[in-house]
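Here's the structure, in structure tokens; my notes come after.
Residue numbers (my numbering), protein chains in the order written: chain B, 79 to 413; chain G, 158 to 325.
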């Protein structure tokens, strides 16, 4: 007999052959849709490029003229503050012009299809789309349909992926810990609904992290999560033991259609990161969170604001990483 | 191709005279990656300067970005001091079209408003496309069409003649 998992717990697939879509024939990045399938060299190239943008803050003029005259559209079908503003700031620091379109306030409510929206914006001669959508695969769909020369960056699609978030997390870890091969990293919480977790796991595997753990109650783990190459823990104390980095995930209440959890209070009792539990990890363990954090649900305020937390650095580094990706995809156009 | 050491000696002498005439005690030396940084280090050593040196990677300021794309290895620019009202000695290895210097000046001015910028180059050759002139020059080379000169280094530093494909 074949065990079939409930459809809600299957890992979402965003469509075939993402790399033939996101890389040029000579292996350079033209869209960023997913971390899956990117080479270790390419990930390192992105992180290295981000490194040079990260030093720009000491300049009096925090801008470079790389994308002067380019128009970038932030197309957000789902609410976001951090991701949208850091993409916007990244574009502006590259001297591009930015258009923010939040679809709750636009023609999608009037029934215009994604393809119509795309065609209309293309007619305005834009150069890049940064897209967030509640459907897994939305960015792939756009990349398949945009005119040649226009790039698409995935800023989060459904439960599938959030590649720039994973890259900025890798950047943060690399800045503090250097080599990934000796690191033990625990990703804790709502793995089932988290596109961030999925992108992080792929990125950590590509960078050959020593050990990747996922820690969650059974009801928040996707079926066959072991197939992603992670060790599964259902107990937070055991999962935290001796780790170098702990990444807490936001409990995605808005994506929970069914009763995944008895109560948030009970969740915190079992899976909330407290100072006492953090002592089980290595003494210099980094505490990360992609934000926005539910204080008192997945993480205690004292830990989120504590000396081991790099949560605000993740936000700062997000700008440099997004600048790197934007300049790399725009740089292949004339080639 | 000429030896490097005598060129550096001559550049140091020109720099000494140049800044003495203008009553400037010690400018901030800024090298352009990679060759310019090597030359800047050697010059600074010869001049006995002690202020920390600046390094520029002009990749983000190039005017051919939309044609050739991102340079694969961009090193961070480092300017250790405030540039406002400072005298700058900008150093590069080869002055050819002048476009690198244009990009470097743009980047410098994003860090502050220097009092003056003096350009020093190891080698000056024909082929200027912009009105850029060096005040301190190690050697002047006449090269044939399709010929280029490259500085190899850092240890030892040497000049190499390169023939471009498609050149005569």
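Each residue gets a CB set at the ideal place from its N, CA and C atoms; glycine is no exception.
Closest to residue 282 (chain G) by CA distance: which of G:296, G:244, G:271 is it? G:296
Minimum length 4: unbroken alpha helix (DSSP H) runs contained in the segment 241-286 of chain G: 256-266
Can you list, in chain order, the residues of its chain with a C-beta nearer than 8 Å to that of residue 388 (chain B)? Leave out the 5 residues immediately preceding and following it. 250, 254, 364, 365, 366
Using a Cβ-Cβ cut-off of less than 9 Å, give me the residues of the segment 128-149 of chain B that come near chain G, in sequence order. 129, 130, 131, 132, 133, 134, 136, 137, 138, 139, 140, 141, 142, 143, 144, 145, 147, 148
Can you pull the chain G residues whose beta carbon is under 7 Å from the beta carbon of residue 409 (chain B), in chain order? 222, 226, 227
Below 9 Å on C-beta distance, what does residue 214 (chain G) contact in chain B? 130
Alpha carbons only, please: which of B:310, B:400, B:371, B:125 is nearest the one belonging to residue 390 (chain B)? B:371
Whole-angstrom distance between residue 398 (chain B) and residue 141 (chain B), CA atom to CA atom: 12 Å
Nearest-angstrom Cα separation, counted from residue 275 (chain B) out to residue 269 (chain B): 6 Å
Any beta-carbon of chain B closer than 8 Å to the one on residue 259 (chain G)? no
For the alpha helix (DSSP H) that residue 192 (chain G) lies in, which residues bound it at each end? 192-204
So, at 6 Å on beta carbons, what are the nonlocal neighbours of residue 280 (chain B) in its own chain, with the 5 sequence-adjacent residues on each side left out? 113, 114
How about residue 234 (chain G): is its C-beta nearer than 8 Å to some C-beta of chain B? yes
What did DSSP end up calling residue 141 (chain B) once you bin it into helix, strand or coil? coil
Would you say residue 202 (chain B) faces chain G, with C-beta separation under 8 Å as the test? no
Beta-ladder partner(s) of residue 207 (chain B), from DSSP: B:151, B:230
If residue 289 (chain G) and residue 255 (chain G) are in contact, beta carbons under 8 Å, what's the gap, nearest whole angstrom? 3 Å
For residue 326 (chain B) and residue 382 (chain B), what's the separation of their Cα atoms in angstroms? 10 Å
Looking at chain B, is there any beta carbon in it that lies within less than 8 Å of the beta carbon of residue 206 (chain G)? no
Closest by CA to residue 125 (chain B), which one among B:306, B:232, B:400? B:400
Please name the residue, chosen from B:360, B:234, B:199, that lies closest to residue 323 (chain B) on a Cα-to-Cα basis. B:360
Measuring straight from C-alpha to C-alpha, what distance separates residue 318 (chain B) and residue 185 (chain G)? 50 Å
Terminal residues of the continuous beta strand (DSSP E) containing residue 211 (chain G)? 211-213
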